[in-house]
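Note sheet for the following structure.
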Amino acid sequence: MNYHVNEKGYYGDFGGAYIPEMLYPNVEELRQKYLDIMNSADFKKEFDQLLKDYVGRPSPLYLANRLSEKYGANIFLKREDLNHTGAHKINNTVGQILLAERLGKKRIIAETGAGQHGVATATVCALKGLECVVYMGEIDIERQAPNVARMKMMGATVVAATSGSKTLKDATNEAMRDWINNPVDTHYIIGSVVGPHPYPDMVARFQSIISEETRRQLKEHTGSESPDYVLACVGGGSNAAGMFYHFLDDQHAKLIAVEAAGHGVNSGESAATTILGKEGVLHGSRSILMQTDDGQVIEPYSISAGLDYPGIGPQHAHLFKTRRAEYVCATDDEAMQAGLLLAKLEGIIPAIESSHALAHLEKMNFKKGETVVICLSGRGDKDLNTYMKYFNL
Amino acid sequence: MNRLKQLFENKNKPLLSIYYTAGYPEIDSTVNIAEALEKAGADFLEIGFPYSDPVADGPVIQESSQKALHNGMSLKVLFERLKELRKRVSIPVLLMGYVNPVLQFGVENFCKAAADAGVDGVIVPDLPMYEYEELYKDCFLKHNVSNIFLVTPQTSEARIRKIDDLSNAFIYLLSSSATTGKQLDVSQSSETYFGRIKAMNLKNPLMIGFGISDKKSFDKAAEYTSGAIVGSAFVRLLGEPDYMNKISSFVQSIKGN
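Heads up: the sequence lines are chains A and B, in that order. The first sequence stops at residue 542 when you use this note's numbering, and every number in between is there. The second sequence stops at residue 293 when you use this note's numbering, and every number in between is there.
Pasting the structure below:
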């Protein structure tokens, strides 16, 4: 089974480039050039250097002893939370800014939900001295004021998306509209493994550093590069795509993706896309998305802004349909408890997104000596207000 | 022969097509507006079926889509209304909207319902040429529904030729790469672009859309093509009080006499 994109831009039934003609020249240029640029010696050298000196890679693979003891397995945390700007998002923005530079683009646009991708984009734009415009839902701007301030400090313009539900989905629509209206000098840095081909593949490749390092580090720790389980949370799915990438053909490793169930799968307030969604097209690719019978997109809900997205990337839709990965979900409450537990047992406060992956440990039964890797995709600093409110701290 | 082809073959004046969103401003207004537009002298109609995430549209059409969805408009409801419309309106009617509602309706069902309702053509901006050819074309042809493609100033000549081959009604020339509702930039560069496409001598007629809002921009477009399409400016009018009584003068103000 092939889990990667084919030459037409599809993962099985999913993917493609469902874009209006106005976006075709930009997306086509990217499609023609992304692999050549990414494989060039000059790009690789600068990318590796920045990941090392600027992002702080390799991120540690940490054997969480007290967590392991509690669940009866050897649980390793891949510490993407220790990256510069506090999450895995920067792996992708560093890659895309170098690509944009080599395409001769002068202006960068991005969408953001919680603000993590917006911050990671503003960061690399400051690094390269490029103009940066970040679209963010009006409601998210209010909810995530510190991240808005970070972006502004680094010179980015933050534009409120006031259409639709005024959250991530609408910020993405606004970024696409900007790109339509600025077809020549602008590059759109999409933050997840969504969007028209080649974005899902390109972003997954930039994030694949996560599993590349993990295999090497696991071998150092345990003598084997192949764990029994690999877990990651999924909104659009970029940290999971990077965490799964080098395990896709390793059938020994069971892959588990954890979606956000919000107040419960059947509560009407959820973001569990694989359970609640149907096949369709959103933001330029065919995938699985939450929608009405009439094909209108349904607003998702999760306590975690990073998982609050009505679709998943097309590769995830393919991994779900072929059953290469198992898609499960965790509620707000389960995730919050898992976040608190990690803080108490390991002294690590995780992003609420990552807490969803941790929450699934409660539902697993391990055999003695089994090895688990969990992608700790981000740190919880940005979520302190939510934790404080939830636990009355 | 379908109504669209006939219209283009028999035309002796620049054609005016008007876009508006189905179910806006009220769920029951769609047929009445069509009738008023035909009476006022519009040559054909583009009726938008609303979508929650219209990325190619500016604020005016976005808001009309949201209102229409709120009013209960859907493809199913629209096809029912169109049967009524065809009893009262004889000019060509196109449907315009995004691909996801079409996928959920089912492509085959969609083409059949469109044909049964007397729809002459369809514009789906986010349906790419490759997917159209592989998965949709046979179905469209079988039901004699024309698919209309868009061309922008950045579309390459080779791609325009390919679009010309796949088209059988007209080609929708975007005045610039933009979302809907921006003012037409009647600059040297857009005239060079219109002239360049005209000089390609394509087998399909051309219509210019996006940014056409008044007589001046309509006349400019008609210098190079068969006519033009007005969307956002008309949808804005539909948001005004007493809009039904303003339709006739709106069309006249653009077409002149």
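A virtual CB, placed ideally from N, CA and C, is assigned to each residue, including glycine.
The Cβ of A/Y284 sits no closer than 8 Å to any Cβ of chain B. Around the beta carbon of A/S189, a 10 Å sphere encloses fewer than 16 other beta carbons of the protein chains shown; the residue is thus reported as exposed. Contact check between the stretch 467 to 485 of chain A and the stretch 502 to 514 of chain A: three or more CB pairs, one atom from each, fall below 8 Å, which counts as touching.
It is roughly 38 Å from the alpha-carbon of A/N331 to the alpha-carbon of B/K178. Only those residues of the stretch 124 to 135 of chain B whose C-beta falls short of 7 Å from the nearest C-beta of chain A are listed: V135. In this structure, DSSP gives B/Y279 a helical state, which the three-state scheme calls helix.
Residues of the stretch 163 to 192 of chain A that bring their beta carbon within less than 8 Å of a beta carbon in chain B comprise G165, A166, Y167, I168, P169, E170, M171, Y173, P174, in sequence order.
For A/I329, the chain B residues whose C-beta falls within less than 7 Å of its own C-beta are A92, S213, A214, T215, listed in chain order. Counted as a single uninterrupted DSSP element, the stretch harbouring A/H509 is not any beta strand (DSSP E), since DSSP gives it neither H nor E. When secondary structure is reduced to three states using DSSP, A/V342 falls in the coil class, being assigned neither helix nor strand.
Between A/S434 and A/H346, the gap from beta carbon to beta carbon is short of 8 Å. Cβ-Cβ separation between A/G426 and A/E418: approximately 15 Å, too far for a contact (criterion under 8 Å). Within the same chain, A258, G263 come within 6 Å of B/P50 by CB-CB distance, once the 5 residues on both sides are set aside. Relative to B/M132, the option among B/N46, B/G84, B/R39 whose CA is nearest is B/G84. About 7 Å separates the beta carbon of A/N240 from that of A/V204, a gap short enough to meet the 8 Å contact definition. Taking all protein chains shown into account, B/P137 has 16 or more neighbouring C-beta atoms within 10 Å of its C-beta and is therefore buried. Going by DSSP, A/T423 is part of the alpha helix (DSSP H) stretching over 422 to 425. Among the residues facing chain A, B/D278 is not included, as its CB has no counterpart in that chain under 8 Å away. Your pair A/L380 and A/I523 checks out as a contact, with CB atoms roughly 5 Å apart and the cut at 8 Å.
In terms of CA proximity to B/R272, B/F286 leads the group B/L81, B/F286, B/T261. Under the three-state reduction of DSSP, A/F515 is assigned to coil, being neither helix nor strand.
Chain-ordered, the chain B residues with CB closer than 7 Å to the CB of A/N322 read D89, V91. Residue pairing by DSSP puts A/V308 in a beta bridge opposite A/Y284. Under a criterion of Cβ atoms nearer than 9 Å, no residue of chain B is adjacent to A/G372; the nearest Cβ is some 48 Å distant.
Per DSSP, reduced to three states, the secondary structure at A/T535 is helical.
In the three-state scheme derived from DSSP, where H, G and I count as helix and E and B as strand, A/S436 is classed as strand. Counting only the Cα atoms, B/P128 lies some 9 Å from B/Q42. Distance check between B/T57 and each of B/Q288, B/G275, B/S289 places B/G275 closest, using alpha-carbon atoms only. Legend: CB atoms of the stretch 290 to 317 of chain A lying less than 8 Å from CB atoms of chain B belong to residues S312, G313.
Of all alpha-carbon atoms in A/T471, A/D443, A/G488, the one lying nearest the alpha-carbon of A/S453 is that of A/G488.
One Cα belongs to B/K252, the other to B/M236, and the distance between them is close to 25 Å. Between the alpha carbons of B/M243 and B/A151 lies a gap of roughly 23 Å.
Among the residues facing chain B, A/R326 is included, as its CB has a counterpart in that chain under 8 Å away. Residues of chain B whose Cβ lies closer than 8 Å to the Cβ of A/D230 do not exist, since the nearest Cβ in that chain is about 32 Å away.
The three-state reading of DSSP puts B/S65 in helix, counting H, G and I together. Check the Cα spacing between A/D289 and each of A/G313, A/A263, A/A269: the tightest is with A/A263.
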